[in-house]
Amino acid sequence: LRRLRGLARDSDKNRSVISSLNAREILLQVVFANMDSELSHESLALLVMFPLGESECVSVVSDSDRIAYLSRLLFHSSIDVRINSAALIEIVVAGTRSPELRAQVSNVDEIFEGVIEIMKNPISSYPRALKIGVKALFALCLVKQTRTKAVSAGAAETLIDRLSDFEKCDAERALATIELLCRVPAG
């Protein structure tokens, strides 16, 4: 898996070849069949390098055990595992059309706290944390009913504090997320 991840990082062509061999389906099975193992964490790191189809996203968001597992990973001792968990949450929420299923993910209490905690890490150590964190937060805040949870978890303050650290496109996403949060009374 580590070697495959290295190959996938090397080029788009390698990712395309790996993806064409049903890697996403296999990796999804491995991530959730071997929970809390190094194999699961390595599979997760490779899985987030590929776009998922809607059916794959729905297979994750419709299973409360899978969502609970991903939310637990947001508090793992390894920052890389936490970032990859947030990345998969963002991918599956953004890739699911059903507002009810997206709300089901956003309603998990620990998700907002975990994503916001990732964004509080020093930027020099983990620049990917900010990018993934703001993408996940934006995707989660698209669900109107759960924006209050994001405000309670400190999303607006964290986004404002980190605004100068974002790249341009991520800063725009952060501002769009803040705008969404301002649309609820608590915001």
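In our numbering, the protein residues as written are 31 to 217. Positions of the beta carbon are idealized from the N, C-alpha and C atoms, including for glycine.
Residue i to residue j span [Cα, whole Å]
i	j	result
A159	S136	19 Å
D40	A216	45 Å
L205	V164	10 Å
A133	V173	6 Å
S46	N52	11 Å
H106	D139	16 Å
Q175	E130	10 Å
G184	E143	8 Å
Cut-off 7 Å between Cβ atoms - residues of its own chain near residue i, not counting five sequence neighbours on either side
i	result
L76	L31, L34, R35, A38 and L57
S73	L31, L57, V60 and V61
Spatial neighbours of residue i in its chain, beta-carbon cut-off 6 Å, leaving aside the 5 residues before and after
i	result
Y156	I109
K161	D200
A169	E120, V123 and A124
S89	none
Residue i vs residue j beta-carbon contact at 9 Å
i	j	result
I22	I148	Because the chain in this structure spans residues 31 to 217, residue 22 falls outside the shown range and cannot be described.
V78	L118	yes
T188	V214	no
As assigned by DSSP and simplified to three states, the class of residue i
i	result
H71	helix
M149	helix
A183	coil
Close beta carbons around residue i, own chain, < 8 Å, minus the five adjacent residues each side
i	result
V181	L211, V214, A216 and G217
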